[in-house]
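*Asks:* Just passing along the structure, written as structure tokens.
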Amino acid sequence: MNVLFLVQAEQRAILDRLYDGIAESCDSCDIRWLSSDEQANLKRYFREHIDLSRYDRVLFFLRFKKEMRQWRFIRTLPNVVILEHDAYQNYIPCKYTGMFSAHYRHMPWVRIISSGAQVSQRLRAEGFDAVFVPKGYDQGLMTYQELTRDIELAFIGSTKSVAYSGRKALLDELASVENLLVTKTRSGQEYNDTLNRIRFFVSADVGMGEYMIKNFEAMAVGCVLLAYDQGAEENAALGFVDMQNLVLYRDIPELREKLRILRADPEKAQAIAEAGRVMVEQCYSFAAIGHAITEAMRPTLRVHRHLPWFLRLLARWKLI
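The structure is reproduced here in structure tokens:
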């Protein structure tokens, strides 16, 4: 399978190894790093730089804000697959509520690879070709250092976005009753080093319906992950088991009670951390996730109803 893979040139998260994992599982993978201006005018970029006859799949992983404005052009392309890590915003109160569904309705034949099991199910219920492949972590960047964990309880990351309003409210509530460190670091080594100093990492993905990358990163470096419970379906899809490989909670009293138990039983806490680390190393490295994304692209796509007649003919002959 020959893949054209379009990604953002400017992105806060470091996802290079995810891209490598996808590329390593394809016969060929032409990764194009699109600038903000190039993302804003895909029609021009394709006209000037792309020969579609070379590719079996065109994989989009671009900024949704720019992508959604160009559905008239995107729907003319054959063999489109959209990788989407933010489609949970379709179902929560934020500026993108319902907008992912609206975008996909313009081209219901595309395959959507979503990082949420429940999000994928909801998209399928709306009639879309949605496949679940979870988020993961960078196995080269996030390393288990066996450091002294001198920060007992902490969260690292942003709380400013409207989509993170639930996260901020929960962390503020917890900080009012516990000695909680809420901080930000530079991406890369500083982030990894700080995570390795934390014993209990508080994940507060409130109302998102899926687990963000931070959950996998915290587990990978040996933190005890205290994760806001995203529900039985999401947990089963990921193999998350409460008080075995992570700690799940629904409110601050439940979090504090489980924290009390683990503070009194440090061996239990260490066993949970170790089980979580082993699981994500085996299942959720970007190498593994990249392979899963590639496999999700392979099955035959839905018939493209709006291609020009000559492109439909070429597609039938598998020449594009």
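Here our numbering is used: position 255 in the sequence shown is 380, and no number is missing along the way. Here a beta-carbon is modelled for each residue, glycine too, at the ideal position from N, C-alpha and C.
Do L143 and G415 count as a contact pair if the criterion is CB distance below 8 angstroms?
*Replies:* In the sequence shown, counting from the first residue as 1, residue 415 sits at position 290. In the sequence shown, counting from the first residue as 1, residue 143 sits at position 18. Yes, the pair counts as a contact, with Cβ atoms nearer than the cut-off.
*Asks:* Is the beta carbon of M193 sitting closer than 8 angstroms to the one on M232?
*Replies:* The count along the sequence shown starts at 1 and reaches residue 193 at position 68. The count along the sequence shown starts at 1 and reaches residue 232 at position 107. It is not a contact, given that the beta carbons lie outside the stated cut-off.
*Asks:* Which two residues bound the contiguous alpha helix (DSSP H) that contains Q395?
*Replies:* In the sequence shown, counting from the first residue as 1, residue 395 sits at position 270. Element bounds for Q395: 391 to 408.
*Asks:* Going by the CB atoms, is the gap between N321 and L272 shorter than 8 angstroms?
*Replies:* The residue given as residue 272 occupies position 147 in the sequence shown. The residue given as residue 321 occupies position 196 in the sequence shown. Yes, they are a contact pair.
*Asks:* Can you give me the Cβ contacts of D472 inside the same chain, cut-off strictly under 7 angstroms, excluding the 5 residues immediately before and after it?
*Replies:* The question about residue 472 has no answer here: the residues shown for the chain are numbered 126 through 445.
*Asks:* Who does S153 pair with in a DSSP beta bridge?
*Replies:* Locating residue 153 in the sequence shown gives position 28, counting from the first residue. Its beta-bridge partners are N127.
*Asks:* In the structure shown, what three-state DSSP assignment does T201 receive?
*Replies:* Locating residue 201 in the sequence shown gives position 76, where the first residue counts as 1. Looking at T201 - three-state DSSP - the assignment turns out to be coil, as it is neither helix nor strand.
*Asks:* Can you tell which of L159, S290, Y216, V205 has the C-alpha that lies nearest to the C-alpha of T425?
*Replies:* Taking the sequence shown and counting its residues from 1, one reaches residue 425 at position 300. Checked all of L159, S290, Y216, V205; the closest Cα to T425 is V205.
*Asks:* Measuring straight from C-alpha to C-alpha, what distance separates R182 and R249?
*Replies:* The sequence position of residue 182 within the sequence shown is 57, counting from 1. The sequence position of residue 249 within the sequence shown is 124, counting from 1. Answer to the nearest angstrom: the Cα atoms are 21 angstroms apart.
*Asks:* In this structure, how does DSSP classify A352 when only helix, strand and coil are distinguished?
*Replies:* Looking up residue 352 in the sequence shown gives position 227. Strand, per DSSP.
*Asks:* Note down the Cα distance separating K260 from Q407, rounded to an integer number of angstroms.
*Replies:* By one-based count along the sequence shown, residue 260 stands at place 135. By one-based count along the sequence shown, residue 407 stands at place 282. Approximately 14 angstroms, taken between the alpha carbons.
*Asks:* Just to confirm the assignment, what range does the alpha helix (DSSP H) spanning V244 have?
*Replies:* Looking up residue 244 in the sequence shown gives position 119. It spans 242 to 250 - the alpha helix (DSSP H) in which V244 sits, taken as one unbroken run.
*Asks:* Go ahead and label A329 buried or exposed: buried means 16 or more other beta carbons lie within 10 angstroms of its beta carbon, across all protein chains shown.
*Replies:* Here residue 329 corresponds to residue number 204 of the sequence shown, with the count starting at 1. So A329 ends up on the buried side.
*Asks:* Do F280 and V307 come within 8 angstroms of each other at the CB atom, strictly closer than that value?
*Replies:* Counted from its first residue, the sequence shown places residue 307 at position 182. Counted from its first residue, the sequence shown places residue 280 at position 155. Closer than 8 angstroms, so yes.
*Asks:* Just verifying my parser: in three-state terms, what is the DSSP assignment at Y289?
*Replies:* Reading the sequence shown from its first residue, position 164 is the one you call residue 289. Here Y289 sits in helix by DSSP.
*Asks:* How should E382 be labelled, buried or exposed, when 16 other C-beta atoms within 10 angstroms of its C-beta is the threshold for buried?
*Replies:* Taking the sequence shown and counting its residues from 1, the one referred to as residue 382 is at position 257. Exposed, by the Cβ-count rule.
*Asks:* Nearest to S150 by CA position, among N166, F130, E135, S160, is which residue?
*Replies:* Your numbering for residue 150 matches position 25 in the sequence shown. Answer by Cα proximity: F130.
*Asks:* Quick check on DSSP: helix, strand or coil for D181?
*Replies:* Position 56 of the sequence shown, counted from the start, is the residue given in the question as residue 181. Three-state result, D181: coil.
*Asks:* Tell me the residue span of the alpha helix (DSSP H) that contains I414.
*Replies:* Here residue 414 refers to the residue found at position 289 of the sequence shown. Start and end: 411 to 422.
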